[in-house]
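> So that we are looking at the same thing, I have put the structure below in structure tokens.
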Amino acid sequence: MTPTLFIFAKAPMLGKVKTRLAADTGHVHARRIYRAMTAKILREMQDPRWQTVLYVTPDNHITESFGGLWPHNMLRFAQRGGGLSARSARIFAEKGPVITIGTDIPSMKRRDIAAGFRALKRHDAVVGPAADGGFWLLGLNAPARPDLFEDIRWSHAETRADMCAAIKGTTALLRTREDVDDAASYGRFKASRVSP
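First residue of the sequence shown? That's 10 in the numbering used here, and the numbers climb one at a time after it.
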């Protein structure tokens with residue numbers, strides 16, 4: 010099967026994206042940053058070596074492009090509600106190899122995804138650790154067990170540890186990266202790179 014990359018994406022609606030960042034910068038600026046980060050990720054992640062799928066929420070925005078932010082030619086699936094465990098389980102019910110990412114790490118490159126798919130040739134899973142204890146990339150080379158995501162503590166310092174323990178197979182780790190979630194992490198990103 011063709012490797013598939015799913016990108017979790019929220020419709021860029023004022024007050025609904027980057028809410029922790031908005032607490033410091035305001036909703037308008039936070040949405041501008043979100044749009045820039047999303048645009049960069051979507052441009053960077055299209056590659057003929059894998060199929061790229063936009064995994065959209067809210068579902069009723071699946072056909073919109075938001076001024077070209079979401080490419081018309083990119084396949085889209087609706088997240089269909091539920092918590093992050095349910096939404097992740099739907100993706101990983103697919104035949105592998107499958108990788109998921111979000112749009113919180115604008116420094117992510119196509120080579121990171123390629124490294125993930127290469128790792129899945131030798132391992133059951135691949136995880137890209139996030140500095141906050143979560144992960145920025147998750148990949149499996151075969152359909153997930155139905156219970157894989159049941160006991161994951163999301164948005165927690167132990168999220169990655171929970172995920173790695175639940176996998177019960179060989180897991181490759183990629184390099185650690187930092188999510189851009191709040192003013193402090195955005196400031197560090199700006200200091201290290203060109204601002205989105």
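Just so you know, even glycine gets a beta-carbon here, dropped at the ideal spot from N, CA and C.
If we ignore side chains and look at the alpha-carbon of each, how far apart do R96 and M10 end up?
If you take the alpha carbons of R96 and M10, they lie about 21 Å apart.
> In the DSSP assignment, find the beta strand (DSSP E) that holds R85 and state where it starts and stops.
Here the beta strand (DSSP E) through R85 covers L84 to A87.
> Are L188 and A124 touching if we call contact CB-CB under 9 Å?
It should be noted that the sequence gives Asp, not Leu, for residue 188. No, they are not a contact pair.
> Using DSSP with H/G/I as helix, E/B as strand and the rest coil, what is G137?
Reduced to three states, the DSSP call for G137 is strand.
> Comparing alpha-carbon positions, which option in G105, R184 and T179 lies nearest R131?
With distances taken between Cα atoms, R131 lies closest to T179.
> Taking 9 Å as the cut-off, decide whether the C-beta atoms of T13 and W59 are in contact.
For T13 and W59, yes; Cβs fall inside 9 Å.
> Rounding to the nearest angstrom, what Cα-Cα distance links P155 and I42 in this structure?
Each residue's alpha carbon lies about 36 Å from the other.
> What number of angstroms, rounded off, separates the C-alpha of G207 from the C-alpha of A200?
Absent from the structure is residue 207, since the part of the chain shown begins at 10 and ends at 205.
> If you measure between the beta carbons of M54 and I122, is that distance less than 9 Å?
In this structure, I122 lies closer than 9 Å to M54 by Cβ.
> Please name the residue in R40, L147 and F75 whose C-alpha comes closest to that of S94.
Comparing Cα positions, the closest option is L147.
> Taking the alpha carbon of I2 as the reference point, which residue from L157, M83 and A98 has its own alpha carbon closest?
A question about residue 2 goes unanswered here, because the residues of the chain that appear run from 10 up to 205.
> With a CB to CB cut of under 6 Å and the five nearest residues on each side skipped, what residues in its chain are close to M117?
Closer than 6 Å at the Cβ level, and outside the excluded window around M117, lies no residue.
> Closer than 7 Å by C-beta to R202: which residues in its own chain qualify, once you throw out the five before and the five after it? Chain order, please.
For R202, where only same-chain residues beyond five positions count, the Cβ hits under 7 Å are S116.
> Tell me which residue opens and which closes the beta strand (DSSP E) that V62 is part of.
Q60 to T66 is the span of the beta strand (DSSP E), which, as asked, contains V62.
> Quick check on I161: does DSSP put it in helix, strand or coil?
Here I161 sits in coil by DSSP.
> What are the start and end residues of the beta strand (DSSP E) that includes I110?
Taken as a continuous stretch (DSSP letters only), the beta strand (DSSP E) holding I110 covers V107 to I110.
> Given D33, which residues of its chain have a CB within under 8 Å of its CB, disregarding the five upstream and five downstream residues?
Excluding positions up to five away in sequence, the list reads D191 and A192.
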